[in-house]
Amino acid sequence: MPFDDTEKLAHNKKRILISREEIAARIREMGKQISEDYRDKCPILVSVLNGGFIFCADLFRELTIDCEVDFIKISSYEDAMKTSGHVKLLKDVNAHLQGRHVLVVEDIVDSGYSVQFLNKKLQATNPESLRFVSLLVKQGTDRVPYEVHYIGFKIPNRFVVGYGLDLAQKYRNLPDIYVMD
Ligand code: IMP
Ligand code: MG
């Protein structure tokens, strides 16, 4: 049966910003690029929970090289629409990252606090290389300097939900990305 999300959207004003087809096409391109860049390297993808898990699952399956996956969980939003600026580690990676090619998989970068926190934390494990990939990067909202090597889409400063992204833990299951009106 086709996925019907009309009911889930009925009580909220949202409109599609990026469709599931556009997401899939972009992830195919990113998978190809990353597979070329990491040829013969067996990278370990570190999926940032909760938001990054859907993007990571799709990107992972577009990689045509040997690769591994692990998970880290952080929190900064505490169910609000603004970052608190205090990033907390809720669950650490289990894999041994020393000497590995680590690629951190984020859903969205906004202020940059999360990427800054993860960069510092994971650099300390002494990886062979450390890069970030994010499906979305908000424009003009950075509060700290950060570097994201692979970017899916640059978006305006709006709150978005769907495809893993939540508002107070809801809407992660929507297959498209919506902007809240
Ligand atoms: P940053 O630390 O401010 O860069 O925020 C990064 C995290 O905040 C992301 O990984 C998301 O979990 C969350 N976030 C930022 N903007 C949005 C949004 O528009 N919708 C949903 N979550 C967001
Ligand atoms: Mg996140």
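Under the numbering used here, think of the first position of the sequence shown as 1, with each following residue one higher. In this text, a Cβ means the ideal position worked out from N, Cα and C, and glycines have one as well.
{"Query": "For the putative contact between I155 and K138, defined by C-beta atoms under 8 Å, what is the C-beta separation to the nearest angstrom?", "Result": "6 Å"}
{"Query": "Looking at C-alpha atoms only, which residue of P43, S134, E36, E147 is the closest neighbour of V51?", "Result": "Note on identity: in this sequence residue 51 is Gly, with Val being the wrong assignment. For the residues P43, S134, E36, E147, the minimum Cα distance to G51 belongs to S134."}
{"Query": "Is the beta carbon of V48 within less than 7 Å of some heavy atom of the ligand IMP?", "Result": "yes"}
{"Query": "Measure the CB-CB distance between I74 and V48 and report whether it falls below 8 Å.", "Result": "yes"}
{"Query": "Using only the heavy atoms of the ligand SAH, determine whether one of them is closer than 7 Å to the beta carbon of L174.", "Result": "This structure simply doesn't include the ligand SAH; it includes the ligand IMP and the ligand MG instead."}
{"Query": "Going by the DSSP bridge assignment, what does G162 pair with across the sheet?", "Result": "L165"}
{"Query": "Using the DSSP secondary-structure output, state which residues sit across from F55 in a beta bridge.", "Result": "For F55, which the question treats as bridged, DSSP gives no partner whatsoever."}
{"Query": "Report the CB separation of D166 from R172 in whole angstroms; it is logged as a contact under 8 Å.", "Result": "5 Å"}
{"Query": "Rounded to whole angstroms, what is the Cα-Cα separation between D58 and I27?", "Result": "7 Å"}
{"Query": "Quick one: does the C-beta of D40 sit closer than 7 Å to a heavy atom of the ligand IMP?", "Result": "no"}
{"Query": "Does the beta-carbon of G112, which I'm using as the reference point, lie nearer than 7 Å to any heavy atom of the ligand IMP?", "Result": "yes"}
{"Query": "If I follow the unbroken beta strand (DSSP E) through I18, where does it start and stop?", "Result": "14 to 18"}
{"Query": "Quick check: the Cα distance between N119 and Y163, rounded to an integer number of angstroms?", "Result": "24 Å"}
{"Query": "Should V160 be listed as close to the ligand IMP, given that the test is whether its C-beta is under 7 Å from any heavy atom?", "Result": "yes"}
{"Query": "Compute the Euclidean distance between the alpha carbons of H86 and L63, then round it to the nearest angstrom.", "Result": "33 Å"}
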